[in-house]
Structure formats: structure tokens, C-alpha cells
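To start, the structure itself, in C-alpha cells.
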Amino acid sequence: MTAANPVTLPLSGYKARHVRWSVDRKVATLTLNRPEKKNPLTFDSYAEIVDLFRAAAKDKGVKAIVVAGEGGNFCSGGDVFEIIEPLTKMKTAELLDFTRMTGDVVKAMRACPQPIIAAVDGVCAGAGAIIAMASDMRIGTATAKVAFLFNRVGLAGCDMGACAILPRIIGQGRAAELLFTGRSMGGEEAERWGFFTRLSKSETVLADAQKLAQELADGPTFANAMTKRMLEMEWAMSVEQAIEAEAVAQALCMETEDFSRAFRAFAAKQRPVFEGD
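Note that our numbering has the sequence shown beginning at 15, numbered continuously upward.
So, in C-alpha cells, the structure goes:
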């Protein structure tokens, strides 16, 4: 299952077919845009999202990424009639191809060196909740409803890395409750539990996410990529191993021109202008 429209670089000129993609001042915005159905995913949109994140990892012109939904909702998960119904007619090998492809979305997002910020409003369910979870930060609204509802359709909560990632964001017990029950987590609860970084108003949540993304894109982007990489790698490390890995990572960052720029700006009592090198 691959996108019908091959993703080409630079991504600033790429015309997506199954989602909306735009790049403005080093910030890319991926918008799930089927608002009439609360932005569900299809086989094609899954594949295109994977391809976009894999291409973004190689695009030097993209320094941060925002993921959002059109029309007051983030994403309602897999389309019932375009995904769920066909899955009930597939054999094991085909089903495994599908579940591996959906997992590739999360793998591509986590491997992408740019920080990813989800702007979450309204319904954020199933695979939509997973995409929000796989982002590095999430700005939500009080009216958002986040639901890992796999068990409600007879499936396990262990979907697309949920059992590995969600406990690290909100804690094992809280993650277990959401994954076992499939209940909705309201926006204020999501902020209180640490799933949302902060809350915004529905009319400003996308702009707020893009503003944060712009701040990161204007920052020391090599160092940002290193931070993301270390956050990922250190899940499987002891504290001693993590301290050593961070020593190596920080030494590499100290060799960058951005580090020297920061010193020169500090010495001149100016604000540094980072260029990511």
C-alpha cells in the first residue's frame, strides 16, 4: 500500500492528494481534510502520510511540522466503510500488511528529526489519537475528545505503538484505563494528565501550534533534532547509558556553528539568529 502520487522533494512544492500539505517559513502543516466525516483515514491517506514524513526527514527546508484536522475535528480514525469493512473480509497476511503500514505512520513520525506538534480540536479518536500521541507535543482545546477506542470495535489497545508510547506520556495506570475501556478523555483532563502540553481556544489552536512550530524552526534545529533523537533512544537505556549518550550528543552540538553564534550573540548582548548548521 503506497501513495498513488509519489512524494518528491522539495516538499514546499508537493501537492498532496489525500491530505493537505503546505510549507510556510520552514514550518510544514499536514491537514487531515475530510471534514464532512470528521477527517477519517483511508488506505491512501495512511500511505501518503507515511511517505510525507519519510520525505520530510530528508528535506532541509522543513524545520518543524504541525498536524491538524479540518473543520473543528482532528481525526475520527479509520473510515468505517473504506477501511473497517474491507478489513473484515481480509485474510491474515493482508491484515498484517495493513497493521504494519499503520505502524509505519508512527515509525515515520518518530524517525522524522523535526519536532512535530499536533493541534487537536474536537474528535481525536482511534488512529487519530495515535497520530496525536506520536507527535512530540500536543496543543488541545477544552472541547477535544481523545479516545483510543480500539476495544470498542473488538480490537486490542496495543495498536500502532500505543502500549509503548502512551504510558510514557500519561503513566501506566492512566494509559491502561484508556486502552482497556476506550473511553473519551476530555480536553481539560488530557491537559491535567499531561497528554496536552496546554489548551487553546478552538479558533486559535492551529495558529498557536504553528507559532510554537515557527519558534522551534527558528531555533537551533540541529540541536532540536538531537533532543528528539535522545528522547527516543533513551527509553531503552539505563541512566548511566543515557548520561554517556547525552555527553556524546552534546559534544556534537558544541561543534555546530549555531553554538558559536549563540556565544557571539551573548557576548554582544544580542539575540542569536540560528541557521541550523
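Think of the CB as a built atom: it goes at the ideal place given N, C-alpha and C, for glycine as much as any other residue.
All figures in this text were calculated on a predicted structure; none of them were measured in a lab.
Annotation for residue 225: the continuous alpha helix (DSSP H) segment containing it runs 219 to 231.
C-alpha of residue 267 to C-alpha of residue 236: approximately 7 angstroms in a straight line. If the five residues before and after residue 289 are omitted, its C-beta is found closer than 8 angstroms to the C-beta atoms of 271, 272 and 275, all from its own chain and listed in chain order. For residue 152, the uninterrupted beta strand (DSSP E) run begins and ends at 151 to 155, by DSSP. If you check the CB distance, residue 153 and residue 223 come in under 7 angstroms. A Cβ-Cβ separation of about 4 angstroms places residue 45 in contact with residue 34 under the 8 angstroms criterion. The alpha-carbon separation between residue 89 and residue 148 amounts to approximately 14 angstroms.
As the crow flies, the alpha-carbon of residue 117 is around 20 angstroms from that of residue 20.
Bounds of the alpha helix (DSSP H) holding residue 278 are 271 to 281.
Distance from the CA of residue 238 to the CA of residue 178, rounded to the nearest whole angstrom, comes to 23 angstroms. In the same chain as residue 244, and ignoring 5 residues on each side of it, the C-beta atoms closer than 7 angstroms to its own belong to 259, 260 and 263, in chain order. Residue 187 sits in a helix when the DSSP states are folded into three classes. Rounded to the nearest angstrom, the gap between the Cα atoms of residue 71 and residue 121 is 12 angstroms.
A direct Cα-to-Cα measurement between residue 62 and residue 56 gives close to 10 angstroms. Taking 4 residues as the shortest admissible run, the region 57 to 84 contains the following complete alpha helix (DSSP H) segments, listed from N- to C-terminal end: 57 to 70. Looking from the CA of residue 69, the closest CA among 51, 25, 36 and 227 belongs to 25. No Cβ-Cβ contact shorter than 7 angstroms links residue 246 with residue 256. Taking the Cβ atoms as the reference, residue 76 lies roughly 6 angstroms from residue 37, within the contact range of under 8 angstroms. The beta-bridge partner set that DSSP reports for residue 131 consists of 80 and 151. Closest in C-alpha terms to residue 97, from the list 185, 119, 84 and 112, comes 112. Annotation: residue 30 is outside any beta strand (DSSP E) and is labelled neither H nor E by DSSP.
In this structure, DSSP gives residue 170 a state outside helix and strand, which the three-state scheme calls coil. Listed as beta-bridge partners of residue 161 by DSSP are 139 and 198. In this structure, DSSP gives residue 41 an extended state, which the three-state scheme calls strand. Rounded to whole angstroms, the separation of the alpha carbons of residue 84 and residue 102 is 28 angstroms.
Of the residues 73, 78 and 145, the one whose Cα lies closest to the Cα of residue 174 is 145. Following the DSSP letters along the chain, one finds residue 48 in no alpha helix (DSSP H), marked with neither H nor E. Residue 160 and residue 138 have their C-alpha atoms some 5 angstroms from each other.
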